[in-house]
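Q: Going by my numbering, the first residue of the sequence shown is number 83, and it counts up by one from there. Even glycine gets a Cβ: it sits at the ideal position worked out from N, Cα and C. Because the structure is a prediction, the values reported are computed rather than measured. Below is the structure I would like to discuss, written out as structure tokens.
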Amino acid sequence: MKKLILLLIVLCTFGCKKYVVSFEQPTDMKLDNLKLEVFLDKKKVQDINLKATNTLPGYETAELPVSEEGKHLLQVKAKDTTFSYNINYPEDRYILVTAHLKNNGKLNIGILKQKYLFRFQR
Numbered sequence: 083m084k085k086l087i088l089l090l091i092v093l094c095t096f097g098c099k100k101y102v103v104s105f106e107q108p109t110d111m112k113l114d115n116l117k118l119e120v121f122l123d124k125k126k127v128q129d130i131n132l133k134a135t136n137t138l139p140g141y142e143t144a145e146l147p148v149s150e151e152g153k154h155l156l157q158v159k160a161k162d163t164t165f166s167y168n169i170n171y172p173e174d175r176y177i178l179v180t181a182h183l184k185n186n187g188k189l190n191i192g193i194l195k196q197k198y199l200f201r202f203q204r
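Shown next, in the form of structure tokens:
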């Protein structure tokens, strides 16, 4: 956890125009080994494999580039469903993506966007 916060601080300090996207590792064992495909403006940029844990969730961080106008379409594909989100730089500089199961058993990908660094407390 401390490494993630340190990484985000270093990224802020050197100030490249990038989105910082953190993918929360689930605590639900049914989501273990779930593959997420991440697309930025319909171009695949990364694959994330979720690893479930019984303790506090961990985070995998990715950096995504920003265009001149700063407007992008972030898509996360899980199984056969694609979740789409509009991202605007610099208002949405830090993004947290979370996968969870609804009561009916369907997968949902949630997203939090903010301008400033997330603070994770134990």
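Using DSSP's beta-bridge definition, name the partner residues of Q157.
A: BP columns for Q157 point to F121, S166.
Q: Indicate whether E142 and F105 have their beta-carbon atoms separated by less than 9 Å.
A: Yes, the pair counts as a contact, with Cβ atoms nearer than the cut-off.
Q: Closest to K112 by C-alpha separation, out of L122, E119, I169, L132, would be which residue?
A: Ranking L122, E119, I169, L132 by Cα distance to K112 puts L132 first.
Q: Whose C-beta lies closer than 7 Å to the C-beta of A160 among residues of the same chain, with five residues either side of it excluded?
A: L116, L118, A181, L189, I191.
Q: Looking only at C-alpha atoms, which of V148, I169, E151 sits nearest to N158?
A: According to the sequence provided, residue 158 is Val. The question's Asn does not apply to it. Per the Cα distances, I169.
Q: Less than 8 Å between the CB atoms is what I'm expecting for P172 and K197, so what's the real figure, rounded?
A: Yes, P172 and K197 are in contact; Cβ-Cβ is about 6 Å, under 8 Å.
Q: Which partner residues of V103 appear in the DSSP bridge assignment?
A: In the DSSP output, where bridge partners are listed per residue, V103 has A144, I177.
Q: Nearest to L122 by CA position, among V103, L183, G140, is which residue?
A: With distances taken between Cα atoms, L122 lies closest to V103.
Q: Kindly indicate which three-state DSSP category K188 falls into: helix, strand or coil?
A: Residue state, collapsed to three classes: coil.
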